[in-house]
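The block underneath contains the structure these notes are about, expressed in structure tokens.
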Amino acid sequence: MAADDGCPCPRCRAGICEVHGPVVDRREIAVFAVSGVLLLAGILVEYFTPYPGAGTALLLAAAVISGYGVLSDALSSIIRLRFSIAVLISIAAAGAFLTGNPAEGATVLFLYAIAEFLEEYAAGRAERSIASLLDLAPQTARVRRDGEEVTVGVDDVAVGETVIARPGDTVPLDGIVTAGASSVDQAAITGESVPVAKGVGDAVYAGTRNAEGYLEVRVTKPEEESTIARVVALVAEAQAHTSPTEAFIERFSRYYTPAVILVAALLIVVPPLAFGVPFLESFYRALILLVIACPCALAISTPVSMVSGITTAAHNGVLIKGRDSLEAVGLARVIVFDKTGTLTTGRLDVEDVVAFGVPEEEVLAVAASLESRSGHPIAEAVRRRADEEGIPLRDVEEFASITGRGVRGRIGDATYVVGNTGLFAEIPRGAWRAAYDRLESEGKTVVLAGTDSAVIGLLVLSDVIRKNAKKTVADLKSRGIRTVMLTGDNERVGEAVGRRIGIDECHAGLLPEEKVTMVERLIDRNGPVVMVGDGVNDAPALARANVGVAMGAIGSDVAIEAADIVVMEDDIAKVAYLVALSEKTVSVVRQNVTAAIVVKLGIAALAVLGLISLWMAVAFGDMGLSLAVIANALRIGRPDGGTSF
């Protein structure tokens, strides 16, 4: 349904506003009921009473009522000299009436109308699936105005106002928490099953549920620009795009229909002239051929599968902005990852402490106390580790920061230094140096702690690898996909991270433009390439890849607009899920296309030989096949057929 320009609601902008008409009108049900009764009555009167004329009249009424839309479309197409599917069906139905087979003519139109209804219902189901996301967002909000709490419609809440979310409430609009603390269920947007802790300064999103605490939220976006509204609008837009397979089938259909009409005409003329087949029999076979040649099942085999895949992904926190992108992911055999922020968290953590002659706690206490005066990321990591282990900080005197090397200060009666090897150049090499060289060769960041005369310990830091990164790479490899990592880090660090995760190929020390060049080389060498990055820093490479996937883009306008696919939360496992979903969708498309072609050709051969009737051609070769294709496509969205592979 087209959006109504006069309606500002997100549903209407997405083309799914039920205010302007439901997906399936009740009038259609009434039409099928009335025409079905007339069809049954007509068949009974036609064949079981001495009044065949009355039976024909009832069948004609059933044909006109159920097939009015088809006949209207056929007439319009003929006027425009365009031979549509409706033209094939209308010719077949009219021919059946003219050759004394009114029951089959009426049945053809009735069954075809039902097939069209089923296709419309399948598309409507996908639209309702997306619309259900909007249903998660409440229509009213509690707002604090003039010191009082009032309830108003969400479209009346202005940016900057404060809304209130009590335990169990759904957050009405996007905003920033200004008071309170709670855990918020973001599954509607991100697909994650565990609620996320929210406190002052954290962002919350419309449609997410406040699980336990009290929150006051300053609104940052109007209702029509909320994250969930943008997701719905973009998915609706994606459904309008065509995949390469769909584009091919559309081109094929433009030439297919006229060719079928030509073959049917030859079937009418050639057998009577060349083989003495009675004209009416030959004409009847041609009508059956017209019906069975109707490419309905073939035409819907791809779009209904793609829409099912896109809506399933949206409900699992993956926003796919085009059917072509969904198909391309399933065909790509190479996936490229950015390192920092994608495979790793981008945050340094102290993963180990190596002590020499003193307890490890002493090394950490000295380092954390000195680093408490610094704002460097390494200092933050050291302080965080000390906090986690409950080690208290000590008083530091005569603190000094040594640019490019580290920090110095007096703790108690001793002076300590924490930093790189430049601060310990005068200290004899020994066990500490061997440990340092080994750890550095593994791609670790190593900080030394000691005095001017001795090294008391090493603090080993590394960029934290995401929890599911190794498993995700293993899952991709099991599907025959080659994984490549691009990073601006030095080669030693990049190779170390790649080995730990199991990456097939690593390219380090790359500038943004060099990442683009590398993606181009991979495309030339391997065909379609999927690039996974953080959505901002990797924008050029994401844009150059056949499909760009932005990670952790919830609330990021830039990432949502720029990438082909957006993983709303920082969950690297969603990449493996996306590949599995895409491969499943592509597989279903192939199944549907193959089934449509094989069944059509088989029944067409039976029609030419006169071994099948007109109503059987519609029931099995058109309506039945279309129903089977739709059912096969919709199972993508079922937990046992589409979201768990």
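Just so we're aligned: the sequence shown equals residues -2 to 642 in the numbering used here.
Ideal placement from N, C-alpha and C gives every residue a C-beta, glycine not left out.
In the three-state DSSP reduction, T309 falls in the helix class (H, G or I). Under DSSP, the beta-bridge partners assigned to R407 are E394 and T412.
For the 8 Å CB-CB criterion, I62 and S32 form a contact. In its chain, beyond the 5 residues on either side, P192, T205, R206 and A208 have a beta carbon closer than 7 Å to the beta carbon of D182.
Distance from the Cα of S180 is smallest, within the candidate group D171, V201, V28 and V160, for V201.
Straight through space, the alpha carbons of Y211 and S475 are spaced by roughly 45 Å. Between V583 and G319, the C-beta spacing is not below 8 Å. In the assembly as shown, G144 is an exposed residue. Its beta-carbon has fewer than 16 other beta-carbons within 10 Å.
D321 is not bridged by DSSP to any residue. Counting along the chain, I332 sits inside the beta strand (DSSP E) bounded by residues V331 to D335.
Secondary structure remark: continuous beta strand (DSSP E) runs of at least 3 residues inside the segment 474 to 500, in chain order: 479 to 483. Residues of the same chain with a CB within less than 7 Å of the CB of S398, apart from the 5 flanking positions on each side, are S371 and V404 in chain order.
With a threshold of 16 other beta carbon atoms within 10 Å, G416 meets it and is buried. When C-beta atoms of the segment 425 to 443 are compared with those of the segment 488 to 497, three or more pairs fall below 8 Å, so the two segments count as touching. Put simply, of A628, I627, K468 and L598 the residue whose alpha carbon is nearest the alpha carbon of V257 is L598. DSSP, reduced to helix, strand and coil, places E348 within a strand of the structure shown. Taken in chain order, the complete beta strand (DSSP E) segments of 3 residues or longer contained in the segment 426 to 466 are 442 to 447 and 452 to 462. Contact check for L36 against A59 passes: the beta carbons are separated by less than 8 Å. A602 sits in a helix when the DSSP states are folded into three classes. Each residue's CA atom was taken as its position, placing K468 and I500 some 11 Å apart. The bridge partners DSSP lists for A162 are L212. Burial is judged here by how many other beta carbons sit within 10 angstroms of a residue's own beta carbon; Y109 has at least 16 and is buried.
Per DSSP, K195 is not a residue of any alpha helix (DSSP H); the beta strand (DSSP E) it occupies stretches across V193 to K195.
In the three-state DSSP reduction, D182 falls in the strand class (E or B). Under a 10 Å Cβ-count criterion, V267 is classified as exposed, with fewer than 16 other Cβ atoms of the shown protein chains found around its own Cβ. Per the DSSP secondary-structure output, E43 pairs with nothing in a beta bridge. The C-alpha of T339 lies about 18 Å from the C-alpha of L458. Under the DSSP assignment, I562 falls in the beta strand (DSSP E) whose first and last residues are I562 to V564.
Counted as a single uninterrupted DSSP element, the beta strand (DSSP E) harbouring A547 occupies residues V544 to M548. Distances from the CA of A577 to each of S366, A90, E324 and D153 were compared; the closest alpha carbon is that of E324. When DSSP states are grouped into helix, strand and coil, E502 belongs to the strand group. In the displayed model, L72 falls within a helix according to three-state DSSP. Straight through space, the alpha carbons of L445 and L420 are spaced by roughly 9 Å.
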